[in-house]
Amino acid sequence: MSKALLEDLEWRGLIAQSTDRKELETALAKPISLYLGVDPTAPSMHLGNLVVFLVLRRFQLAGHRPIALVGGATGLVGDPSGKNDERTLNEEKLVADWVSKIRKQVEKILDFKDKGVSAKLVNNLDWTKSVSALELLRDIGKHFSVNQMLAKDSVATRLSSTGISYTEFSYQVLQAYDYLELYRRDQCKLQIGGSDQWGNIVAGLDLIRKVEGGSAHALTVPLLAKSDGSKFGKTASGAIWLDENMTSAYEFFQFWLNSDDADLPKLLKVFSMKDRAEIERLIETVKVNPGAREAHRELAREMTALIHGQQVAKSVEEAAKALFGQGEIGDLDLKTLDSALSQLPKTTIKKGDPYPSWVDLLAATGVVDSKSAARRIVKEGGGYLNNKKVESEDFTPSKNDLLHGKYLLLRKGKRDLAAVEVIS
RNA sequence: GGCGGGUUGCCCGAGCGGCCAAUGGGAGGGGACUGUAAAUCCCCCGGCUCUGCCUUCGAAGGUUCAAAUCCUUCACCCGCCA
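If you're matching positions, the first sequence starts at 11 in the working numbering and goes up one per residue.
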């Protein structure tokens, strides 16, 4: 079991670094507890976080017990890893709010009902907040060598550039303490994380060895990049978030569907829970018949269902199918149109009110940033009403343009859609 | 502490009194080609009540008919010396 899991992770390209492979294999021969932490630095996790959480899920599926740690405490301090500048501290209340939002997302990814290896969710604030400064310095701090702390990449990088505050410098101590705590209370023997977490994780291993004389393990996952080397999981409008209010389910689905063919093999391996044989089959379809985008679609379905639920995934896919279909948009029946448009950003206008001009409408729906941008788009032939190009800047839609007497479908470019609904 | 260099639009980076909303590259956007892909080619890329007007060149003052460009003060960064 242990060997198969590690081999699978290896094949998927999900192992960046680990402590001694043989020992890790041995440890994994029996079910163990392992943990993964996220710091609440935003109201939602994004695809980068998801990668590592899916690895945690893979461990759970292989029979191990996952502990998801949300860093209510560490999030207040700020991790210097991978950051060029000191971060501004967030309000406690805000962080607490983010913690609760992230919790909900974690609950979708891991199985909390599994009888044997039910997942567990913890918040490091619970054991950190009552520790006094003196206790921390005497009981924990004593085991840290500043020499070693300074040598850590995250710290060294900052020392040679913009500097680092005592607060962020102490981050690794807190994270190490987390590992120790989980080692003690849950016999947690493995911590996983993004490859930028290696230093922090190792700090924990050292602490466990010094304080408890115990041995624990570490495994990191590579940071994901696209085939062209650019950062993965970013679009023009920013990161792809798991929160529906930040990245709609429709956008989320479209993100996968529109992925570069060249990235598909990697994406499938990293994100999909499908087995190796199935993934290899899908990769083959990309080569044989790329235009069909079967693999894109499968992945989009799987990911959307995981994060937004089966139902939503289905309706979002249907919406895309209807809106991008070959036929006349006006031929869609009202029911299909209703549900398709419900997935899009929408603005309303009151029945009887004068219709805004074409340019105003584009700007109002948010498909373009400003009226200037809207004019530009129209001039360039990138504005479409009900899937028909409208090149005149002074055009104003009218009642006759309404679909089923209530909708206008706006589009910028090839796939940026929005809806306008006339309400009474 | 002393001397010198820097801070420009999303990022990098020119400009160094009027011709500057500001050269060039990247990112991004539109079009063509396609498959709601990539590559390629063409075009665009501060805002608005758009033949004009308004706001931008670290911050605040000042000189001038006119400043991103000159002067003063402040903040931050980077070198060299102590």
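Beta carbons are placed, not taken as given, at the ideal position from N, Cα and C, and that holds for glycine.
Residue i in three-state terms, based on DSSP
| i | result |
| --- | --- |
| Ile174 | coil |
| Thr230 | strand |
| Glu403 | coil |
| Thr84 | helix |
| His414 | coil |
| Leu71 | helix |
| Leu16 | helix |
| Pro300 | helix |
| Lys199 | strand |
| Ala39 | coil |
| Ile293 | helix |
| Ser367 | coil |
Extent of the continuous alpha helix (DSSP H) run through residue i
| i | result |
| --- | --- |
| Ile250 | Looking at the DSSP string, Ile250 is not in any alpha helix (DSSP H), and its letter there is neither H nor E. |
| Asp273 | Note, Asp273: premise wrong, no alpha helix (DSSP H); not H, not E. |
| Glu308 | 304–318 |
| Gln185 | 181–196 |
| Val105 | 102–119 |
| Tyr260 | 259–267 |
| Met159 | 156–161 |
| Ile387 | 381–389 |
| Val378 | Here Val378 belongs to no alpha helix (DSSP H), and DSSP marks it neither H nor E. |
| Arg148 | That residue, Arg148, is in no alpha helix (DSSP H); it is neither H nor E in DSSP. |
| Val141 | No alpha helix (DSSP H) contains Val141, which DSSP labels as neither H nor E. |
| Thr346 | 344–351 |
Neighbourhood of residue i by C-beta distance below 7 Å, restricted to the same chain and skipping five residues each side
| i | result |
| --- | --- |
| Ala106 | Gly82 |
| Gln182 | Met159, Lys162, Gly209, Asn210, Ala213 |
| Leu413 | Ile339, Gly340, Leu347, Asn396, Leu419 |
| Thr51 | Gly85 |
| Ser282 | Ile289, Leu309, Glu312 |
| Asp196 | Ser43, Ile77 |
| Glu254 | His318 |
| Lys13 | Glu35 |
| Pro355 | Thr375, Gly376, Ala428 |
| Val221 | His153, Leu190 |
Proximal residues to residue i (C-beta, below 6 Å), its chain only, five neighbours per side dropped
| i | result |
| --- | --- |
| Leu217 | His153, Ala186, Leu190 |
| Lys381 | Val369, Ala373 |
| Arg421 | Tyr394, Leu427 |
| Tyr467 | There is simply no residue 467 to check, as the chain begins at 11 and stops at 434 in what is shown. |
| Thr138 | Ala83 |
| Ser205 | Ala26, Thr230, Pro232, Leu233 |
| Ala350 | Ala329, Ala332, Leu333 |
| Pro53 | Trp108, Lys111 |
Nearest-angstrom Cβ-Cβ length linking residue i and residue j, presumed shorter than 8 Å
| i | j | result |
| --- | --- | --- |
| Val280 | Val61 | 6 Å |
| Leu419 | Asn396 | 5 Å |
| Ser180 | Val87 | 7 Å |
| Val298 | Thr314 | 25 Å between Cβ atoms; not a contact. |
| Leu342 | Ala332 | 6 Å |
| Pro407 | Tyr365 | 5 Å |
| Ser91 | Gln264 | No, Ser91 and Gln264 are not in contact; Cβ-Cβ is about 31 Å, not under 8 Å. |
Span of the beta strand (DSSP E) around residue i
| i | result |
| --- | --- |
| Asn133 | 130–133 |
| Arg421 | 417–422 |
| Thr358 | 356–360 |
| Tyr394 | 393–395 |
| Ile339 | That residue, Ile339, is in no beta strand (DSSP E); it is neither H nor E in DSSP. |
| Ser43 | 43–48 |
| Ile433 | 426–433 |
Top-ranked residue by Cα proximity to residue i, from the options
| i | options | result |
| --- | --- | --- |
| Gln158 | Asn210, Lys409, Pro90 | Asn210 |
| Ile433 | Lys360, Gln70, Arg168, Thr375 | Lys360 |
| Gln321 | Leu333, Glu294, Gln353, Asp341 | Gln353 |
| Glu431 | Thr357, Val388, Asn299 | Thr357 |
| Ser29 | Leu333, Leu131, Leu64, Gly203 | With the sequence shown as reference, residue 29 is identified as Thr, and Ser is not the correct amino acid for it. Among Leu333, Leu131, Leu64, Gly203, the Cα nearest to that of Thr29 is on Gly203. |
| Trp266 | Ala26, Glu145, His306 | His306 |
| Glu294 | Lys284, Thr167, Pro275 | Pro275 |
| Ser402 | Lys416, Arg385, Leu131 | Arg385 |
| Lys32 | Leu16, Arg168, Lys139, Pro90 | Leu16 |
| His56 | Lys40, Ile119, Ala72, Ser91 | Ile119 |
| Lys40 | Arg219, Gly23, Ala72, Val141 | Ala72 |
| Val48 | Glu20, Gly151, Lys114, Ile42 | Lys114 |
| His227 | Glu20, Ile42, Gly335 | Ile42 |
| Trp21 | Glu390, Asp253, Asp285, Ala302 | Asp285 |
| Leu316 | Val296, Ala330, Lys398, Ala259 | Ala259 |
| Leu24 | Leu64, Leu34, Ala37 | Leu64 |
| Val132 | Glu117, Asp89, Thr98 | Glu117 |
| Arg67 | Glu145, Gly173, Ser128 | Ser128 |
Beta-carbon contacts of residue i that lie in its chain and below 8 Å, excluding the five residues immediately before and after
| i | result |
| --- | --- |
| Val156 | none |
| Lys424 | none |
| Glu102 | Leu86 |
| Asp411 | Leu395, Asn396, Leu418 |
| Met256 | Pro53, Ser54 |
| Ala37 | Ser12, Lys199, Leu200, His227 |
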